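Q:
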Amino acid sequence: MLEVFWGSGSGPAWRVLLALAIKKVPYESRVLSFSKKETQTPEMLAMSPRGKVPVVRDGDFVLAESLAILHYLDRKHPTPPLFGTTPEEAGRVMQAIMDHECYGLAAISAFARPLLFERLDVQRDQCVLAIDGARAELEKLERALDRREWLALGSVSAADIFVYPQIKTLERALGKPGAATVEHGLGPIATVFPNLGAWCARIEALPGYDATYPPHWRQG
Ligand SMILES: N[C@@H](CCC(=O)N[C@@H](CS)C(=O)NCC(=O)O)C(=O)O
């Protein structure tokens with residue numbers, strides 16, 4: 012059976028769990044602890060030389076990198092398709108993914124990470140300077156969802172599950188105590204960006220979603 016190596020709270024790993032839930036593909040969960048450095052063991056480094064998760068192992072085949080894994084899973088288990096069914100749809104999905112990978116991810120992370128990892132003592136300036144850039148990216152996503160339910164296609168696609176974990180990570184960062192000491196104006200996300208809030212709710216209503224939620228986030 013397909014094995015999935017992942018870590019709780021990893022956005023890239025969450026993408027893979029979401030794809031498997033949507034496609035209803037059974038798998039063996041191999042959850043690793045970041046704090047115990049379980050991603051850095053010789054066995055893991057042999058599969059993922061950068062020591063990163065997600066990684067999947069399917070028989071003799073091993074694959075790292077979330078986007079590569081989404082693509083693999085879509086070819087291996089085509090229903091429902093996550094990269095569309097036509098060349099044009101595949102292009103739209105990849106455009107939305109690369110837009111986030113190349114621009115949105117860094118801009119939102121620059122703001123969220125100092126809050127998430129409670130590093131405002133040394134990274135307050137970086138966090139404050141990143142607010143406008145993060146807002147611009149969130150507004151762009153908000154506009155993309157103005158007259159449509161999903162980011163790229165008429166149904167959930169790899170673009171949605173690629174972006175979604177970062178929005179939830181931002182939401183978690185906004186819930187950290189330090190966030191109240193920064194005038195960011197970015198939350199609550201569902202209030203400031205209602206289209207994004209409704210889109211998150213749509214993803215959260217997908218069958219199998221609950222099993223993908225980062226376990227340690229349930230503990231607060
Ligand atoms: N580009 C990679 C990023 C993967 C990544 O950064 N994973 C982090 C967790 S979010 C990781 O495994 N870090 C290893 C560690 O901190 O030990 C992907 O999309 O799969």
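All residue numbers for the sequence shown refer to this note's numbering, where the first residue is 12 and numbers rise by one.
Backbone N, C-alpha and C define an ideal beta-carbon position, used for all residues, glycine too.
As the structure is a prediction and not an experimental result, all values here were calculated from the model.
(1) Suppose the cutoff is 8 Å on Cβ atoms and the five residues either side in sequence are ignored; what does the same chain contact list for residue 214 look like?
(2) Considering only heavy atoms of ligand 1 and the C-beta of each residue, which residues fall inside 7 Å, strictly closer?
(3) Comparing the C-beta of residue 19 with each C-beta of chain C, is any distance below 8 Å?
(4) Who are the Cβ neighbours of residue 127 in its own chain at under 7 Å, not counting the five residues just before and after it?
(5) Can you tell me whether residue 228 is buried or exposed, with buried defined as 16 or more other CB within 10 angstroms of its CB?
(6) Give the range of the alpha helix (DSSP H) segment to which residue 208 is assigned.
(7) Could you give the distance in angstroms between the alpha-carbon of residue 207 and the alpha-carbon of residue 201?
(8) Mind checking who residue 18 pairs with in its DSSP beta bridge?
(9) Do residue 12 and residue 38 have their beta-carbon atoms positioned less than 8 Å apart in this structure?
(10) Take residue 147 and list the residues in its own chain whose beta-carbon comes closer than 8 Å to its own, dropping the five residues that flank it on each side.
(11) Can you look up residue 104 in the DSSP assignment and give me helix, strand or coil?
(12) Does DSSP put residue 157 in a helix, a strand or coil?
(13) Express the C-alpha separation of residue 125 and residue 135 in angstroms, rounding to a whole number.
(14) Grab me the residues of residue 233's own chain with a C-beta within less than 7 Å of its C-beta, minus the 5 sequence neighbours each way, in chain order.
(15) Are the CB atoms of residue 108 and residue 27 within a distance shorter than 8 Å?
(16) DSSP three-state label for residue 74, please.
(17) DSSP has residue 67 in a bridge; who is on the other side?
(18) The alpha helix (DSSP H) spanning residue 133 covers which residue range?
A: Put simply:
(1) Taking the first residue of the sequence shown as 1, we reach residue 214 at position 203. The residues are 29, 167, 171, 172, 175, 220.
(2) 18, 21, 22, 23, 24, 45, 48, 50, 51, 62, 63, 64, 65, 75, 76, 77, 78
(3) Looking for chain C here will not work: only one protein chain is present.
(4) Numbered from 1 along the sequence shown, position 116 holds the residue referred to as residue 127. Once the five neighbours on either side are set aside, the close Cβ partners of residue 127 are 180, 183, 184, 187.
(5) As a working mapping, residue 228 is identified with position 217 in the sequence shown. By the 10 Å Cβ count, residue 228 comes out exposed.
(6) Position 197 of the sequence shown, counted from the first residue, corresponds to residue 208. Per DSSP, residue 208 belongs to the alpha helix (DSSP H) from 205–215.
(7) On the sequence shown, residue 207 is found 196 positions in, with the first residue counted as 1. On the sequence shown, residue 201 is found 190 positions in, with the first residue counted as 1. Approximately 6 Å, taken between the alpha carbons.
(8) Here residue 18 is taken as the residue at index 7 of the sequence shown, counted from 1. DSSP output for residue 18 lists 43 as bridge partner(s).
(9) Along the sequence shown, one-based indexing puts residue 38 at 27. Along the sequence shown, one-based indexing puts residue 12 at 1. Yes, the pair counts as a contact, with Cβ atoms nearer than the cut-off.
(10) Locating residue 147 in the sequence shown gives position 136, counting from the first residue. Around residue 147: 118.
(11) Residue mapping note: residue 104 aligns to position 93 of the sequence shown, counting from 1. Reduced to three states, the DSSP call for residue 104 is helix.
(12) Within the sequence shown, the letter at position 146 stands for residue 157. In this structure, residue 157 counts as coil in the three-state DSSP scheme.
(13) Position 124 of the sequence shown, counted from the start, is the residue given in the question as residue 135. Position 114 of the sequence shown, counted from the start, is the residue given in the question as residue 125. If I take the Cα positions, the gap works out to 7 Å.
(14) Residue 233 is absent from the model: the chain starts at 12 and stops at 231.
(15) The residue labelled residue 27 in the question sits at position 16 within the sequence shown. The residue labelled residue 108 in the question sits at position 97 within the sequence shown. It is not a contact, given that the beta carbons lie outside the stated cut-off.
(16) If you number the sequence shown from 1, residue 74 lands on position 63. In this structure, residue 74 counts as strand in the three-state DSSP scheme.
(17) The count along the sequence shown starts at 1 and reaches residue 67 at position 56. Answer is 15, 74.
(18) The count along the sequence shown starts at 1 and reaches residue 133 at position 122. Unbroken alpha helix (DSSP H) run through residue 133: 131–140.
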